[in-house]
Structures are given as C-alpha cells and as structure tokens.
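Below: the structure, in structure tokens.
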Amino acid sequence: MPTKRENQFITEVIIRGFKYELWSLDDREPHSLGKMNGESGTLWVKEAGNGPHKEQTGEDEWIPWLDAGGNRDCWGVRITDGNSMKYKYDEYRISKHTSGVISLNNKEVYEVFGYDFDYCYNDARTKIYQLKELIYTHSVNLKNTSKEKGRKIFYKSMPAIIDTIYTDGGMIIRPDCKEEDKEYWWNQMIEPWHEDHSIDYWEESKHDNGIKVDILMSDIHWYRNDRLIKLNKIKRTTNEPETS
C-alpha cells in the first residue's frame, strides 16, 4: 500500500512585514516554479487572514514558495546612539553610548552595547553569524524560544537545564543534578577573578536556583545525552590500566 502523504507546517516567514505560514503540501500537485528551479515544488505559503480568495471561495489561498527566491529567516539590526548623565564627584557628567537590537522575523533575539556606532554595527554583524550557527548547527529555536524550555545542556561541563531565553540574548539555566551535588555545581559557576559584585550576583543566583548566562558563550554545549555519558564513563573505567 502506498504511504499516506502528510502536510507539514515548516515555519513562519515574513512578507511585507507580516507573518505567513510556510507549509509543505504533499497532497497537492507540485507548483511549476519548483520544477523550473530545481526544487520540490511542495512548499506553499498560506495566505494570512481573510484574503480575497478566501472571501470568495471560503478556502485558503496557497502561494508557491521558492527557497531560491525567498528568505525563511529575515534578520534585522537597529543601532541607536545616545547620551547618559549622572551626578558624580559634586558635578554632572555626560557620557555617550550606543546600543543595538538584533531581530529575527520581527522578534528581538539579542542586544549589543558599546560607545561607538561602527563598533556596535560590526559587533551585531558578528553576532548574527554566531546566532545563525545556533540555529543551523545546534538546532536552537530562536523564533519560538519557549520550545527550548527544559532542554538539557552542559554549561562549564556541568549538567544544566534551560528555563528561559530572553530577548536580550541571556538565558536562565538551572542545575540538573542530585541535591547532594548542587554545592559542587554552584562552585563551578564562580571564577577566581570574580570581584565582590560578581560574588553577590552568584550568591543571589544560587539562592534563586538559576543563573543568567549569554546564549553565545563558548562554555555552553548544546547537546546532552545522559545515557551516552553513562556508557562513556563505564568504558573509560573499564579501559583504565590496572595499577600494582
């Protein structure tokens, strides 16, 4: 018997600033644009809301999609210069600053800061490359970060679990270990060079049982297979040379 073909929602795409649903429709005749451009022809965009076709027929309008002609991921950068003022040493002081926001499909996903427009802009470009690596290499869902809640990772080689990912690029992680191992876990979160304010933050995080880290930190290992880890430990123990 032939396998039943299924329709599958792929992702949301941005067209003229609005969100549309991109679907793979296997029960529909492939569109000619796909055949002409070496693609499957099974990707279609669902007309948003009540368009003219739906008003007339009561059915959804499906618009052919080509990956060669459209951007599934639409990145944006907004850089803003500004000034701040504070009263210090019996006088007012004004200082400049620059901030930037990186967006993905109209959703803010990361923030950058500095004291120079060009620096912030170049830093944002670098961060976008790194964010793309999170998506395409590590399968991090930045379009819908709520789906990352509960994901098991390593942070500083310690087992952790993701609680929340914020729009500034920070995320709250929590220890994912036995209660008797938590003290050791938290001791790995502090560095020898940390100053008093960092120690205070560490103590507050420990009290709240969660610490905020940057999603682009190199200390994060995004995949964790606890079963494989146990097997590897057994193998290492078995293969250790005997000592006389």
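Going by the working numbering, the first residue of the sequence shown is number 4, and it counts up by one from there. Glycine included, every Cβ here is placed at the ideal spot set by N, Cα and C.
*Which same chain residues, not among the five before or five after Asp-229, have their C-beta less than 6 Å away from its C-beta?*
none
*Helix, strand or coil at Trp-205 according to DSSP, with G and I counted as helix*: helix
_Sheet register partners of Tyr-95 (DSSP bridge)_ = Tyr-90
_Cβ neighbour criterion (16 or more within 10 Å) applied to Thr-101_ = buried
_Asn-40 CB to nearest heavy atom of the ligand FMN below 7 Å_ = For the structure depicted, the ligand FMN is absent and the ligand set is empty, with no information on it obtainable.
_Quick check: what's the CA-CA separation for Arg-96 versus Trp-196?_
30 Å
*Looking at Val-80 and Gly-103, is the spacing between their C-beta atoms short of 8 Å?*
yes
*Val-216 vs Gly-173 beta-carbon contact at 8 Å*: yes
_Cβ neighbour criterion (16 or more within 10 Å) applied to Met-161_ = buried
*Option nearest Asn-190 by Cα separation, candidates Asp-179, Leu-28, His-141, Trp-205*: Trp-205
*What is the rounded straight-line gap between the Cα of Ile-17 and the Cα of Cys-77?*
7 Å
*Below 8 Å, can you find three or more Cβ-Cβ pairs linking the segment 130-139 to the segment 208-226?*
Yes, the segment 130-139 touches the segment 208-226.
*From Glu-32 to Leu-46, what does the alpha carbon distance come to, in whole angstroms?*
11 Å
*asked:* Rounded to the nearest angstrom, what separates Ile-232 and Phe-157 at their Cα positions?
replied: 12 Å
_First and last residue of the uninterrupted beta strand (DSSP E) at Gln-11_ = 11-18
*Can you name the start and end residues of the alpha helix (DSSP H) that Cys-128 belongs to?*
Looking at the sequence provided, one finds Arg at residue 128 rather than Cys. Segment 120-139, the alpha helix (DSSP H) holding Arg-128.
*By Cβ distance, which residues of its chain are closer than 6 Å to Thr-170, with the 5 residues on each side in sequence left out?*
Glu-111
*Identify the continuous alpha helix (DSSP H) that holds Glu-114 and give its terminal residues.*
Counting along the chain, Glu-114 falls outside any alpha helix (DSSP H), though it belongs to the beta strand (DSSP E) covering 110-117.
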